[in-house]
Amino acid sequence: MNSHISTVLPDQEQDTTFTENNGAVREELFAVNQQLPLVIRAVSSFDPLAWLKENRALLQKRLDKHGAVLFRGFGSDTVETFHAFAATLAGELLEYKERSSPRHEQGDRIYTSTDYPPEYKIYLHNEHSYARSFPLTLFFCCAIPAEKGGQTPLA
């Protein structure tokens, strides 16, 4: 491995814990004293899927430590690129069976969030916890930012 990530965390100026691309990616906390989620931000041009494959084990360690990872600037803004991104990290994606809320399939095993009008809140819940086969990792992608609100709480 020859990748590099610069890390911006409290009480640390820089750390070289990730790999490749001469600082193409930076690791930072979402907010001071807030471990969830860890933000990994692309800061220069590179092949994100190749980088994800190369750093998969270390990304899993970060996910285990922080509980969630927010990727910024990785170019996963279409259904196809988002699918490739998620599949690179998680392997084969699960089909949404035993549905409990209205959703639409956008592409191969890529679904909308619950299709409710924006004035309704969706409260914290355990995603797919009732199912026999459930995902070990959830992926979210914001294709169209909300005009108002638009938060996705994680716990």
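The sequence shown begins at 1 in the working numbering and counts up by one.
Where is the CB? At the ideal position from N, CA and C, for every residue including glycine.
Treat the numbers as computed from the prediction; the structure is a model and nothing was measured.
- Below 8 Å, too few C-beta pairs join the stretch 54 to 67 and the stretch 90 to 100 to call them touching: fewer than three.
- The closest CA to that of LEU70, considering only LEU124, LYS148 and VAL25, is found on VAL25.
- Assigned with DSSP and collapsed to three states, VAL25 falls in strand.
- Between ALA131 and GLU98, the C-beta spacing is below 7 Å.
- When secondary structure is reduced to three states using DSSP, GLN151 falls in the coil class, being assigned neither helix nor strand.
- Positions of the alpha helix (DSSP H) runs, each at least 4 residues long and wholly inside the stretch 93 to 131, cannot be given because no such run exists.
- Going by DSSP, LEU70 is part of the beta strand (DSSP E) stretching over 69 to 72.
- Residue pairing from DSSP places GLN34 in a beta bridge opposite ALA31.
- Residue state for ALA42 is assigned as strand, using DSSP reduced to three classes.
- LEU49 sits in a helix when the DSSP states are folded into three classes.
- In the DSSP annotation of this structure, ALA143 is not part of any alpha helix (DSSP H), being labelled neither H nor E.
- One Cα belongs to ASP64, the other to ASN126, and the distance between them is close to 18 Å.
- Per DSSP, ASP77 is not a residue of any alpha helix (DSSP H), being assigned neither H nor E.
- Counting of Cβ neighbours within 10 angstroms places LEU136 among the exposed residues, the total staying below 16.
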